[in-house]
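Data block below; observations after.
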DNA sequence: GGCGCAATGTATACACCGTCCACACCAAGC
DNA sequence: GCTTGGTGTGGACGGTGTATACATTGCGCC
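Chains as they are written, first to last, in this note's numbering: chain A, 1 to 214; chain B, 1 to 214.
This is how it looks when you write it as structure tokens:
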């Protein structure tokens, strides 16, 4: 129905040229609108102007395509974090800069969940494997993925003497948990209907709790 | 294949007798094993020994069945929380009892995620509506659903002067976020592979952060 | 006690999905 | 220029959710 809008004019060449990327782009577009369950092989091939089975030349199966989309979503989040960190650190030094880094990571995370719910759910709602292991496909400009960006922010905190070295181990898990949980509640939990201003307040309070309670 | 094991002997009566409940039970069984995406209408009807369309006499569509399963999962969690609270409060009074209540809620939540991952994902991985509104289908013996149980625990905390009245509003959201986020990370995030003992440590630390940082 | 209706279960059918297999095309290298 | 292997096509199968029409039967009313 509405999907027909995405129908392409028939290709003139037998070979597509860059089908893998086209399928990935289509998958990302689908995920943005409908989350992971909307990443449908056949629809992606339709949008690429190609027969369903062509996808199997580039992805082992639907799951593989979904993982690729997920990696792209993580990369987008990483990039957003890097930008926000650069913005918040502007003109700050030492202790203030370290604190700003952590805030920026959390803020960017929560904003990403709000502004790109489909990609966010794709990034974290799919049992995909590794956030700990590095893989350029899910990293930002710095080569670090979201989880690693948080880790470095915590390292900064230690260096600035804002976090005792003793409490550094596993701190990323605790911090991540808090922010991630809130994002989920806002996205598809009981906080969905709350006015944005109240949500912002809760976000600030949560970030404060993390800073204080870590 | 393996599902054939659940095939029932053919019914002798034309009417099933309690099909709605049978479908719900089948749905719960499916969710326990495979999470929300495993709650498949046709398979549920198969297990109930009935033709696929029969389900539509009792549920508007697959989504409706899934919501019913979700409500049951929430009810199971609520019951687990009530039990754990009763256990931890045994012999305690006043301040200690209040603190125990909150701990129990968090502990039960995290354990439920670990021991019933399928139901947990069904309860919280599906964009279902209301955790705030009361509905007996998702409540435990006390008639309160998980979210409301947390709220009452926080009220206790205020009464015991462990939480300043001023910080009471929205506290449930912050506390819930932290615990919920950790549960998700353990279930399908980067913490999946960690040894159980380390996870327990992180759980304890997170609960401590909540108590302290609230 | 029997009748009729509404509730419940069945039969058939459609569109969509992921995926397998055999085949068609075509670009690049010997 | 012929082969070969990578890429896209065609057709098919079994699975899913769901609509529409039909069969059966328990229950309430006379």
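The beta carbon of each residue, even a glycine, is placed where N, CA and C say it ideally should be.
Spatial neighbours of residue 111 of chain A in its own chain (CB-CB distance under 8 Å, excluding positions within 5 residues in sequence) are listed in chain order as 80, 84. Around the CB of residue 93 of chain A, fewer than 16 other CB atoms lie within 10 Å, so the residue is classed as exposed. Taking CB atoms only, residue 170 of chain A has a neighbour in chain B less than 8 Å away. Here DSSP, grouped into helix, strand and coil, assigns residue 157 of chain A to helix. Within 10 angstroms of the beta-carbon of residue 61 of chain B lie fewer than 16 other beta-carbons, which makes it exposed. Here residue 68 of chain B is not near residue 19 of chain B, since their CB atoms are 8 Å or more apart. Buried is the label assigned to residue 36 of chain B, since at least 16 other Cβ atoms lie within 10 Å of its Cβ. For residue 135 of chain B, same chain residues with a beta-carbon under 8 Å away, outside a window of 5 residues either side, are 71, 145 in chain order. A direct Cα-Cα distance of roughly 39 Å separates residue 103 of chain B from residue 87 of chain A.
Your pair residue 73 of chain B and residue 140 of chain B does not check out as a contact, with CB atoms roughly 12 Å apart and the cut at 8 Å.
Less than 8 Å separates the beta-carbon of residue 174 of chain A from that of residue 209 of chain B. Spatial neighbours of residue 30 of chain A in its own chain (CB-CB distance under 7 Å, excluding positions within 5 residues in sequence) are listed in chain order as 38, 39, 40, 43, 44. Taking 7 Å as the upper bound on Cβ-Cβ separation, chain A lies near no residue of the segment 13-43 of chain B. Residues of chain A with a Cβ closer than 9 Å to the Cβ of residue 103 of chain B do not exist, since the nearest Cβ in that chain sits about 15 Å away.
The Cβ of residue 173 of chain B sits closer than 8 Å to at least one Cβ of chain A. When C-beta distances to chain A are compared with 7 Å, the residues of the segment 183-195 of chain B below that value are 184, 185, 188, 189, 190, 191, in chain order. Of the other Cβ atoms in all chains shown, fewer than 16 fall within 10 Å of the Cβ of residue 137 of chain A; this residue is therefore exposed. A Cβ-Cβ separation of about 4 Å places residue 98 of chain A in contact with residue 156 of chain A under the 8 Å criterion. Given a length threshold of 3 residues, the segment 82-122 of chain B has no whole run of the beta strand (DSSP E) inside it.
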